[in-house]
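Written below as structure tokens is the structure these notes are about.
In the working numbering, the protein residues as written are 358 to 493.
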């Protein structure tokens, strides 16, 4: 599936399109360069799922937990600052990845060996005109 986001004003409708097409999938690994919009798109998805918490990148916390009246608990990971896989083992990643809850993972490249087999890879590419293409 491919979703084109022409500008920031379209991000919430793109997020709704994403939600409408995820089916039963729960674990999503977001790939993209720094500044491609991984956090912004994840925030828009959470907003569309009516999360009332403040949605921020969990760069320092590694994981943020949100509550959605639509889907329950959502886990949002940012592994950018991970130096060793032991850090991920210590946080009990399996409890999250195999919880049956939505998991949105930024910088999954750093923990690829730990991702579940059924992970859905989501790629966000910034196009020359500033638009974004989301593929999953």
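For glycine and all other residues, C-beta sits at the position ideal for the given N, C-alpha and C.
Residue environment: residue 435 is assigned as buried (16 or more neighbouring CB atoms within 10 Å of its CB, all protein chains considered). Per the Cβ contact rule, the segment 363–381 is not in contact with the segment 464–474 (fewer than 3 Cβ pairs under 8 Å). Assignment of beta-bridge partners to residue 440 by DSSP yields no partner. Close CB contacts of residue 490 within its chain, under the 7 Å cut and outside five residues either way in sequence, are with 359, 361, 482, 484 (chain order). Going by C-alpha positions, residue 412 is about 16 Å away from residue 387. For residue 382, same chain residues with a beta-carbon under 6 Å away, outside a window of 5 residues either side, are 477 in chain order. The three-state secondary structure of residue 399, taken from DSSP, is helix. Relative to residue 493, the option among 389, 365, 363 whose CA is nearest is 389.
In the DSSP assignment, residue 386 falls outside any alpha helix (DSSP H) and lies within the beta strand (DSSP E) extending over 384–388.
The alpha-carbon separation between residue 398 and residue 392 amounts to approximately 11 Å. Collapsing the DSSP output to three states places residue 363 in coil. The residue among 486, 487, 456, 394 with its C-alpha nearest the C-alpha of residue 475 is 456. Secondary structure at residue 425: strand, using DSSP grouped into helix, strand and coil.
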